[in-house]
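Presented below is the structure to which this report refers.
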Ligand code: KIV
Ligand code: ZN
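In the working numbering, the protein residues as written are 1 to 561.
So, in structure tokens, the structure goes:
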């Protein structure tokens, strides 16, 4: 037995029975800040180069981010250059604020202020680590020592701001992060944040961003939410602060931690696209935004070109989006299971029929079209797929509305093809089966010519006449018959040449567009000695489509025997 688990100490949650967040719902998007170009970039095997960062920055602006952390200009020459390129080449939109990160250390803060010269709107984000563990094993200092570092940093930042704003019209805001916040005693976290707010002169009119990171995710998301609500309620200067979250994903629950943190009172969220970032990554802003969207809340970010966003992300970061990644993965709008396919099929039909203004499709929490993915096959076909799946593909992709009674017959053919191929099959392959099994069936009987006309049967009755010729092998035979409609007339014509052991069961038809023009397609179900089967006919004339459908069913029966 592996007893390794004994070396881990369980996280000690705060006792906080006053919590109110479990009763809350999120009805408004938080302020989003992308940290892709900093926290995300610093976690890449091959960090983005200048060109890639500029492209990524542009994409973040297009998505709608108004706050973007662009780097750590004091820490690396490349990050400095990137920041300069954005400023000097005038690439930052008027309504976008760039954010720069810096440790609370004098020479780094000074260098950061040099780097931002010429920018219009900047958030100077400074931090130092505060957790019990970091104080003990990294800094060997007590809480007062950590508070002093933050306060001195704040003081210098305020002074440099006064200097720079005296000679330029730069607009500087502040952000402070007690790094490793979630591993800090909450009284200490509140204390240091209040001290920083005082030192920076924060007011409700000029609030400072207090970013409370889950630097390493330590426990279940509810414990982070408790910590956030605790701070919101206990900070003296809460009204002079914008409370921000910065969750990491070490336990795989960053999305949940962020959502509960917002319910607990946070105003702002830092994260990355697809959750890129140090170790298991940051909170995934795309996921969070689309979660809001799917609850009827405007996320204030635009992910309607998801495939493009994923492509730029994968190219710039050289990371892959997992095929099952929420909203973005290749497979997330694909149903393999027959019962799921059937339910999706019914949901889509229900919405069309009822003209429902709301999205009401089982198994699809969101309309793929809202992510620009309407052209992807929603249902893919493998041997597990039910009859509804193949019918759905025929309807959605090719416009053929197979009658319900035909679903089992066609579904069986598709399943057999999957079993034989030993893989899933594409929508085109589904259509090819349909084509081969129904549309291309021209033997043993082929309709060569036809004429359908009406004659007066007396007493107000109309008689329909069918006259035509049918090839059977090398033989061409004239056929004719009368009836009360085209189907009846053709049946009687077939009787006259000895094809008399078929009974008509059901018929349905609809228009289908074939390129520029529209044709009629009819589905004819016939009964024969061994059971029933379908035939399909397509023609510009609806009566002839039915005639072809009957012949198709007979041909299929004869070629099967
Ligand atoms: O994860 C973290 O704590 C950080 C801080 C610098 C905000 O990235
Ligand atoms: Zn981080």
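Glycine included, every Cβ here is placed at the ideal spot set by N, Cα and C.
Residue burial classification, residue i (beta-carbon count within 10 angstroms, cutoff 16)
{"i": "residue 375", "result": "Caution applies to residue 375, whose pLDDT of 39 falls short of 50 and renders its modelled position unreliable; the model cannot decide the point."}
{"i": "residue 551", "result": "buried"}
{"i": "residue 459", "result": "exposed"}
{"i": "residue 420", "result": "exposed"}
{"i": "residue 1", "result": "exposed"}
{"i": "residue 142", "result": "exposed"}
{"i": "residue 14", "result": "exposed"}
{"i": "residue 3", "result": "exposed"}
{"i": "residue 464", "result": "buried"}
{"i": "residue 225", "result": "buried"}
{"i": "residue 462", "result": "exposed"}
{"i": "residue 76", "result": "exposed"}
{"i": "residue 526", "result": "buried"}
{"i": "residue 102", "result": "buried"}
{"i": "residue 215", "result": "buried"}
{"i": "residue 543", "result": "buried"}
{"i": "residue 188", "result": "buried"}
{"i": "residue 239", "result": "exposed"}
{"i": "residue 25", "result": "exposed"}
{"i": "residue 125", "result": "buried"}
Identity of the residues DSSP links to residue i by a beta bridge
{"i": "residue 210", "result": "176, 243"}
{"i": "residue 398", "result": "Answer by DSSP bridge pairing: none, since residue 398 is not bridged."}
{"i": "residue 508", "result": "523"}
{"i": "residue 125", "result": "101, 175"}
{"i": "residue 32", "result": "269"}
{"i": "residue 463", "result": "455"}
{"i": "residue 475", "result": "472"}
{"i": "residue 280", "result": "DSSP, once it has assigned bridges, lists no residue as partnering residue 280."}
{"i": "residue 69", "result": "99"}
{"i": "residue 248", "result": "282"}
{"i": "residue 528", "result": "531"}
{"i": "residue 447", "result": "470"}
{"i": "residue 482", "result": "465"}
{"i": "residue 425", "result": "381"}
{"i": "residue 503", "result": "527"}
Heavy atom of the ligand KIV within 6 Å of residue i beta-carbon
{"i": "residue 127", "result": "yes"}
{"i": "residue 36", "result": "no"}
{"i": "residue 246", "result": "yes"}
{"i": "residue 370", "result": "no"}
{"i": "residue 284", "result": "no"}
{"i": "residue 280", "result": "no"}
{"i": "residue 177", "result": "yes"}
{"i": "residue 213", "result": "yes"}
Proximity test, residue i beta-carbon vs the ligand ZN heavy atom, cut-off 6 Å
{"i": "residue 250", "result": "no"}
{"i": "residue 148", "result": "no"}
{"i": "residue 142", "result": "no"}
{"i": "residue 39", "result": "yes"}
Selected residue, minimal CA-CA separation from residue i, among the options
{"i": "residue 191", "options": "146, 76, 313", "result": "146"}
{"i": "residue 30", "options": "269, 428, 501, 519", "result": "269"}
{"i": "residue 220", "options": "399, 258, 18, 237", "result": "258"}
{"i": "residue 161", "options": "152, 558, 32, 172", "result": "172"}
{"i": "residue 217", "options": "253, 454, 263, 165", "result": "253"}
{"i": "residue 89", "options": "104, 109, 118", "result": "118"}
{"i": "residue 356", "options": "291, 368, 347", "result": "347"}
{"i": "residue 57", "options": "71, 7, 366", "result": "71"}
{"i": "residue 517", "options": "65, 40, 539", "result": "539"}
{"i": "residue 148", "options": "176, 195, 140", "result": "195"}
{"i": "residue 62", "options": "314, 339, 306", "result": "306"}
{"i": "residue 380", "options": "359, 429, 317", "result": "429"}
{"i": "residue 250", "options": "68, 272, 281", "result": "281"}
The alpha helix (DSSP H) enclosing residue i, as first and last residue numbers
{"i": "residue 332", "result": "First-last for residue 332: undefined, no H or E at that position."}
{"i": "residue 308", "result": "306-317"}
{"i": "residue 255", "result": "254-263"}
{"i": "residue 285", "result": "285-293"}
{"i": "residue 406", "result": "No alpha helix (DSSP H) contains residue 406, which DSSP labels as neither H nor E."}
{"i": "residue 62", "result": "50-63"}
{"i": "residue 543", "result": "542-560"}
{"i": "residue 186", "result": "186-200"}
{"i": "residue 77", "result": "77-88"}
{"i": "residue 486", "result": "486-496"}
{"i": "residue 113", "result": "106-115"}
{"i": "residue 341", "result": "338-354"}
{"i": "residue 159", "result": "143-167"}
{"i": "residue 233", "result": "221-234"}
Bounding residues of the beta strand (DSSP E) (the contiguous stretch that carries residue i)
{"i": "residue 536", "result": "531-539"}
Cutoff 7 Å: residue i Cβ touching any chain C Cβ
{"i": "residue 169", "result": "Checking the listed chains, one finds no chain C in this structure; it contains a single protein chain."}
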